[in-house]
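Trainee: One structure coming up, written as structure tokens, with questions to follow.
In the numbering used here, the protein residues as written are 1 to 262.
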């Protein structure tokens, strides 16, 4: 009886959490090393690939794992060199730190009941390990030191109103200037408005010919934590980030406006 109950429990958990997917092995890109496209510790980058099938065999999802920036010692964030050794595999594909397989779940699962729209597409999970930093780090390989010019097709920020708009506009202007992106921005956008606005999604996508499928959570937890809390310093934002449904948080005017705007 005990074994039967345990088996039923495991099957129930699999159905709820989608945790019973077989891990997809990572492939190391050794050919990228001579080009300088490496992890923080110099090991080759990696991706996991699940082949598409049926009517999804001509479609692709390329999922870029997030990891944020590492920072130099004293900046208040984790040190780049430390991350290259042990920080949740975010800086290496060395077998001492790196998980050799990844469970494709959620939007990457091949279960048609859980993922009816994309279950049979080609799916690529690109492992994050480069640190996204352009400073100096002894014994680190930082992708920001390489010269590259491209425009992201995900991870967009939306232009807010008021003080947040001024702040985000200034930061995006610096990004464009630092990476010399001005000439790469769509002319259809730069002819109509300040070129510094043309990295914001609502302007950039106006002339994108490829069909877009945009997904956004009701509340963007990153922008709430790092942007929105500046507009209401009296509110306990740390508590709201974990309990958005509480009356104090849910009825907060700034949070309501943020929700409807985005």
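Beta carbons: idealized from backbone N, C-alpha and C, even for Gly.
1) Residue 154: buried (16+ other C-beta within 10 angstroms of its C-beta) or exposed?
2) Across which residues does DSSP place residue 114 in a beta bridge pair?
3) According to DSSP, which residues form a beta bridge with residue 103?
4) Please identify the residue among 47, 39 and 31 whose C-alpha is closest to the C-alpha of residue 25.
5) Hey, out of 189, 197, 181 and 93, whose CA is closest to residue 207's CA?
6) Cα separation between residue 182 and residue 172?
7) What three-state label does DSSP hand residue 122 in the structure shown?
8) Since residue 50 is in the alpha helix (DSSP H), which residue starts that stretch and which ends it?
9) Does DSSP put residue 213 in a helix, a strand or coil?
10) With distance defined between alpha-carbon atoms, name the residue in 203, 180, 119 and 204 nearest to residue 57.
11) Taking the alpha helix (DSSP H) that residue 204 falls in, what are its first and last residues?
12) Leaving out five residues before and five after residue 23 in sequence, what residues of the same chain have Cβ atoms less than 7 Å from its Cβ?
Mentor: The short version:
1) Walking along the chain shown from the start, residue 154 turns up at place 154. Since pLDDT at residue 154 reaches only 41, below the 50 mark, its modelled position is unreliable, and no value is offered.
2) Walking along the chain shown from the start, residue 114 turns up at place 114. According to DSSP, which records beta bridges pairwise, residue 114 is partnered with nothing at all.
3) As a first step, residue 103 must be located in the chain shown, where it is residue number 103. According to DSSP, residue 103 bridges with 23.
4) If you number the chain shown from 1, residue 25 lands on position 25. Minimum Cα distance to residue 25 is reached at 47.
5) For the purposes of this step, residue 207 is taken as the residue at position 207 of the chain shown. Of 189, 197, 181 and 93, the residue nearest in Cα terms is 189.
6) For the purposes of this step, residue 182 is taken as the residue at position 182 of the chain shown. For the purposes of this step, residue 172 is taken as the residue at position 172 of the chain shown. Straight-line Cα distance between these residues: approximately 11 Å.
7) Taking the first residue of the chain shown as position 1, residue 122 is located at position 122. The answer is strand: DSSP assigns residue 122 an E or B state.
8) The residue given as residue 50 occupies position 50 in the chain shown. Unbroken run through residue 50 is the beta strand (DSSP E), 46-50; no alpha helix (DSSP H).
9) The sequence position of residue 213 within the chain shown is 213, counting from 1. The answer is coil: DSSP assigns residue 213 none of H, G, I, E or B.
10) Translated into the one-based positions of the chain shown, residue 57 becomes position 57. Per the Cα distances, 119.
11) Locating residue 204 in the chain shown gives position 204, counting from the first residue. 201-204 is the extent of the alpha helix (DSSP H) around residue 204.
12) On the chain shown, residue 23 is found 23 positions in, with the first residue counted as 1. Excluding sequence neighbours, residue 23 sits near 101, 102 and 103.
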